[in-house]
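Working notes, structure below.
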Amino acid sequence: MHDVDATTEQMIRSVLAYAENRLRLDPVPLDGVPREPADLAAMTRGLLDDAGHNPDQVLGVYTSLLAPAVISADSPRFLGFIPAAPTKAALLFDMLVSCASIQGISWLEAAGAIHAENEVLRLIADRAGLPASAGGCFVSGGSAANLSALAVARETAKVRGPEVRRWRVAVGTDAHSSIINTLRMLEMDALTVQTDDHRLTGDALRAAIDADGDPSSLAAVVATSGTTNAGIVDDLAGVAAVARDRGLWFHVDGAYGGAGLFAPSVRHRYDGIEHADSFIVDPHKWLFSPFDCAALLYRDPALARTVHTQDASYLDVIHDEPSEWNPTDYAYHLTRRARGLPLWFSLAVHGVQAYTDAIETAIGLARDTAAEIRTRPYLDLVRDPDLAVVLFRRTGWGPADYTRWADRLLEDQVAFIPPTAWEGEVVARFAFLHPNTPVSLVTEILDRMA
Ligand SMILES: Cc1ncc(COP(=O)(O)O)c(C=O)c1O
1393 MHDVDATTEQ MIRSVLAYAE NRLRLDPVPL DGVPREPADL AAMTRGLLDD AGHNPDQVLG
1453 VYTSLLAPAV ISADSPRFLG FIPAAPTKAA LLFDMLVSCA SIQGISWLEA AGAIHAENEV
1513 LRLIADRAGL PASAGGCFVS GGSAANLSAL AVARETAKVR GPEVRRWRVA VGTDAHSSII
1573 NTLRMLEMDA LTVQTDDHRL TGDALRAAID ADGDPSSLAA VVATSGTTNA GIVDDLAGVA
1633 AVARDRGLWF HVDGAYGGAG LFAPSVRHRY DGIEHADSFI VDPHKWLFSP FDCAALLYRD
1693 PALARTVHTQ DASYLDVIHD EPSEWNPTDY AYHLTRRARG LPLWFSLAVH GVQAYTDAIE
1753 TAIGLARDTA AEIRTRPYLD LVRDPDLAVV LFRRTGWGPA DYTRWADRLL EDQVAFIPPT
1813 AWEGEVVARF AFLHPNTPVS LVTEILDRMA
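Using the working numbering, the first residue of the sequence shown is number 1393, and each one after it goes up by one.
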């Protein structure tokens, strides 16, 4: 298995040939043939037994049977949930990270990789206006990043604050589901702040705290810079000011929308982010990285170290030199893939301006789509897009109509665009992210609602 023998040579040829073809697809097709669990089980039956199989046979099962049953998140026709659009440079470098087993646990083991990752974190921190002392690490996704950051918020509150039996965190109504899961896992409760138009504001937060019977149990407030469902950026400056007044940890969840920091046309929406105690953004979303990659930044990384550093005698050596940066000390993980490297490579190859342009393209498409929706009498725009998510309704349609429309679009390989809900009503939703999604695709999708 570890020798370079004839089988290895065969796999190098055929797997790399497949990877090469995949990389050259332009555009990436949608795929996503519906399959029942029993069909898939029949396709793979017998492969995992004691004896091995010819690699080309196994690869064939994957390429012709399994891969088509996966909707390509990196297709420009993938317009649901939050799509992906990794650059070719990032995908290629991701292969290199795998082939070289590049880990990024400690400076002792992986100084080169960690240096490059930290330069990317610095670039993001600068865009956010965080101080020179800010730092963190890359983790697997926004959920892991939110969990790691809010664990630090809670532990910091314990040290600084009064004796509290159960800590709470103020959140907007549209905070991501991972925040609510995080609170449950950390045995904290939410103070849900009701807001106008789903946007958490400083005024709403202040009013909620003033009306609350137990404000001293609040450890933190979470603002979202780009809600998942509607792409709304909370009033970060207002929330930051209240957090400062009331001694709360200010966490900004920018898993989806944090990339907008690179887009001049919307940068003003992020004013106040520079006050964040912790901030996350998922490069596997709108910073064009492969899955899975989230950037986690702390204003004061020393606080994170006190919470996340793992204490084991065999790890003492990685902590011998206090000036060395160990990504493992900044989140709930130990072993970690150096998943920031593909972004580093791609940024260095293409330049930051190319990222700005690609992000602006999706924002522009969202604006054009909103304008197009306004011109069609049978459609109704739910709200003007802050970023690149567009919510709209087809007048007269009920939930079954949206499902039929979306199913048909996928069946015909036109688009993946599942409906969502807005204030209890099923509505349609575009999530734009891929810079090569053409406006003609939007027109075709809207035409199919007429
Ligand atoms: C605002 C926000 N926060 C957190 C997450 C969770 O991120 P992940 O799916 O990478 O765990 C998402 C995912 O869409 C998100 O949009």
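Ideal Cβ placement from N, Cα and C applies to all residues, glycine included.
Residue nearest to residue i in terms of C-alpha spacing, selected from the options
{"i": "F1530", "options": "N1510, G1521, P1523 and A1549", "result": "N1510"}
{"i": "L1432", "options": "Q1805, D1441 and P1460", "result": "P1460"}
{"i": "G1925", "options": "I1463, L1439 and S1464", "result": "The structure shown does not extend to residue 1925, since the chain is modelled only from 1393 through 1842, so no value can be given for it."}
{"i": "R1519", "options": "V1673, A1465 and V1741", "result": "V1673"}
{"i": "V1819", "options": "F1808, R1558, I1571 and T1795", "result": "T1795"}
{"i": "D1390", "options": "A1443, T1400 and W1499", "result": "It is not possible to answer for residue 1390, since the shown part of the chain is limited to 1393 through 1842."}
{"i": "D1588", "options": "I1809, D1760 and R1775", "result": "R1775"}
{"i": "A1492", "options": "S1657, R1729 and N1621", "result": "R1729"}
{"i": "D1581", "options": "F1680, D1595, L1610 and A1599", "result": "L1610"}
{"i": "I1837", "options": "P1810, T1812 and L1801", "result": "L1801"}
{"i": "T1455", "options": "G1444, T1620, V1425 and L1628", "result": "V1425"}
{"i": "G1496", "options": "P1734, F1808, A1622 and R1638", "result": "P1734"}
{"i": "E1666", "options": "L1653, S1657 and L1597", "result": "L1653"}
{"i": "L1488", "options": "A1696, S1657, P1554 and A1411", "result": "A1411"}
{"i": "D1423", "options": "T1399, D1466 and A1398", "result": "D1466"}
{"i": "L1483", "options": "A1792, R1697 and L1679", "result": "L1679"}
{"i": "D1692", "options": "R1661, P1478 and W1641", "result": "W1641"}
{"i": "A1746", "options": "Y1770, A1651 and V1834", "result": "A1651"}
Length of the line joining the Cα atoms of residue i and residue j
{"i": "I1474", "j": "D1684", "result": "13 Å"}
{"i": "H1568", "j": "P1468", "result": "24 Å"}
{"i": "G1472", "j": "F1822", "result": "6 Å"}
{"i": "I1494", "j": "I1506", "result": "10 Å"}
{"i": "A1476", "j": "G1605", "result": "43 Å"}
{"i": "F1824", "j": "I1710", "result": "42 Å"}
{"i": "E1764", "j": "T1565", "result": "29 Å"}
{"i": "V1563", "j": "F1470", "result": "30 Å"}
{"i": "D1799", "j": "P1523", "result": "48 Å"}
{"i": "E1501", "j": "Q1805", "result": "46 Å"}
{"i": "V1450", "j": "A1430", "result": "19 Å"}
{"i": "E1547", "j": "V1782", "result": "38 Å"}
{"i": "A1421", "j": "N1446", "result": "According to the sequence displayed, residue 1421 carries Pro and not Ala. Rounded to whole angstroms, P1421 to N1446 spans 28 Å at the Cα level."}
{"i": "S1525", "j": "V1407", "result": "43 Å"}
{"i": "M1435", "j": "V1462", "result": "15 Å"}
{"i": "A1762", "j": "R1785", "result": "12 Å"}
{"i": "Y1648", "j": "P1607", "result": "30 Å"}
{"i": "R1427", "j": "G1788", "result": "32 Å"}
{"i": "M1403", "j": "R1659", "result": "47 Å"}
{"i": "P1777", "j": "P1830", "result": "18 Å"}
{"i": "D1441", "j": "M1393", "result": "16 Å"}
{"i": "G1552", "j": "L1513", "result": "The sequence given here has Arg at residue 1552, not Gly. Computed Cα separation, rounded: 28 Å."}
{"i": "A1363", "j": "Y1706", "result": "As shown, the chain starts at 1393 and ends at 1842. That puts residue 1363 outside it, with no answer to give."}
{"i": "A1633", "j": "I1624", "result": "19 Å"}
{"i": "D1602", "j": "F1671", "result": "26 Å"}
{"i": "N1413", "j": "R1638", "result": "56 Å"}
{"i": "D1595", "j": "D1626", "result": "12 Å"}
{"i": "F1508", "j": "G1732", "result": "Note on identity: in this sequence residue 1508 is Ala, with Phe being the wrong assignment. Those two C-alpha atoms are separated by around 8 Å."}
{"i": "D1712", "j": "L1515", "result": "28 Å"}
{"i": "E1555", "j": "A1696", "result": "21 Å"}
{"i": "T1619", "j": "R1560", "result": "21 Å"}
Exposed unless 16 or more other CB atoms sit within 10 angstroms - verdict on residue i
{"i": "S1832", "result": "exposed"}
{"i": "L1458", "result": "exposed"}
{"i": "L1417", "result": "exposed"}
{"i": "D1395", "result": "exposed"}
{"i": "A1503", "result": "exposed"}
{"i": "D1669", "result": "buried"}
{"i": "H1643", "result": "buried"}
{"i": "K1550", "result": "exposed"}
{"i": "G1743", "result": "exposed"}
{"i": "R1558", "result": "exposed"}
{"i": "P1844", "result": "The question about residue 1844 has no answer, for the chain in this structure spans 1393 to 1842."}
{"i": "A1694", "result": "exposed"}
{"i": "L1415", "result": "exposed"}
{"i": "A1807", "result": "buried"}
{"i": "Y1791", "result": "According to the sequence displayed, residue 1791 carries Pro and not Tyr. P1791 is exposed by the Cβ-count criterion."}
Supposed contact pair residue j and residue i - C-beta distance, whole angstroms, cut 8 Å
{"i": "S1532", "j": "A1686", "result": "7 Å"}
{"i": "G1528", "j": "D1645", "result": "Their Cβ separation, rounded to whole angstroms, is 14 Å, which puts G1528 and D1645 out of contact at 8 Å."}
{"i": "F1737", "j": "A1481", "result": "6 Å"}
{"i": "V1613", "j": "A1635", "result": "5 Å"}
{"i": "T1753", "j": "P1827", "result": "4 Å"}
{"i": "M1841", "j": "W1797", "result": "6 Å"}
{"i": "I1867", "j": "A1655", "result": "In this structure the chain extends from 1393 to 1842, so residue 1867 is not present and cannot be described."}
{"i": "D1663", "j": "L1628", "result": "6 Å"}
{"i": "A1600", "j": "L1583", "result": "6 Å"}
{"i": "N1621", "j": "T1812", "result": "6 Å"}
{"i": "A1758", "j": "L1779", "result": "7 Å"}
{"i": "S1681", "j": "P1478", "result": "6 Å"}
Does the structure place the region 1577-1586 close enough to the region 1536-1549 that three or more beta carbon pairs sit under 8 Å? yes
Any contact between the region 1685-1705 and the region 1713-1732? By contact I mean 3 or more CB pairs, one from each, below 8 Å. yes
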